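Heads up: the sequence shown begins at 1 in our numbering, then just goes up one per residue.
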Amino acid sequence: MHLIQLFIPAAPDIGDIIATIQREMTERHGGVTAYLNSPAKGLWSNDEGTEEDTVIVIEVMVGSLDRAWWRQYRRELERLLGQDELLVRALPVETL
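Here's what the structure looks like:
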């Protein structure tokens with residue numbers, strides 16, 4: 001089993017996109033968790049200095065990892081959100 005985490009940039013007009021992701025994940029994978037009330041803040045350094053971003057984390061548990069599908073979905077979200085790159089990661093999970 002894997003936990004998929006999607007890091008979506010928080011923005012005032014993001015509600016419809018989040019709702020669409022939640023619906024798609026529920027239909028495809030049977031459920032979804034979105035952390036909407038406390039967006040996470042990230043900092044990172046680049047050649048131009050330090051940048052800050054606020055993100056909403058969406059999590060989905062999957063029984064098997066279809067890497068090709070998730071890469072395509074990430075590219076679709078990048079296009080939809082106008083992002084150069086989104087972080088989508090998979091973590092192995094053992095349920096207790």
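Just so you know, even glycine gets a beta-carbon here, dropped at the ideal spot from N, CA and C. These numbers were taken from a predicted model, which means no experiment stands behind them.
Would residue i and residue j qualify as a contact pair, given that the criterion is a beta-carbon distance under 9 Å?
i, j, result
"Gln5", "Val62", "no"
"Trp70", "Ala90", "yes"
"Trp12", "Thr54", "It is Pro, not Trp, that sits at residue 12 in the sequence shown. No, they are not a contact pair."
"Ile17", "Leu81", "yes"
So, at 8 Å on beta carbons, what are the nonlocal neighbours of residue i in its own chain, with the 5 sequence-adjacent residues on each side left out?
i, result
"Val125", "This structure cannot settle anything about residue 125, because the visible part of the chain is limited to 1 through 96."
"Glu78", "Asp84, Glu85 and Leu86"
"Thr50", "Leu43 and Trp44"
With DSSP as the reference, label residue i as helix, strand or coil.
i, result
"Gln83", "coil"
"Leu77", "helix"
CB-CB under 7 Å to residue i, same chain, minus the five flanking residues each way: which ones, in chain order?
i, result
"Leu65", "His2 and Ala90"
"Phe7", "Val55, Val57, Leu86 and Leu87"
Name the one or two DSSP bridge partners that residue i has.
i, result
"Arg89", "Gln5"
"Glu52", "Leu43"
"Glu94", "In the DSSP output, where bridge partners are listed per residue, Glu94 has none listed."
As an exercise, report each continuous alpha helix (DSSP H) stretch of at least 4 residues that is fully enclosed by the stretch 5-50, in chain order.
15-29
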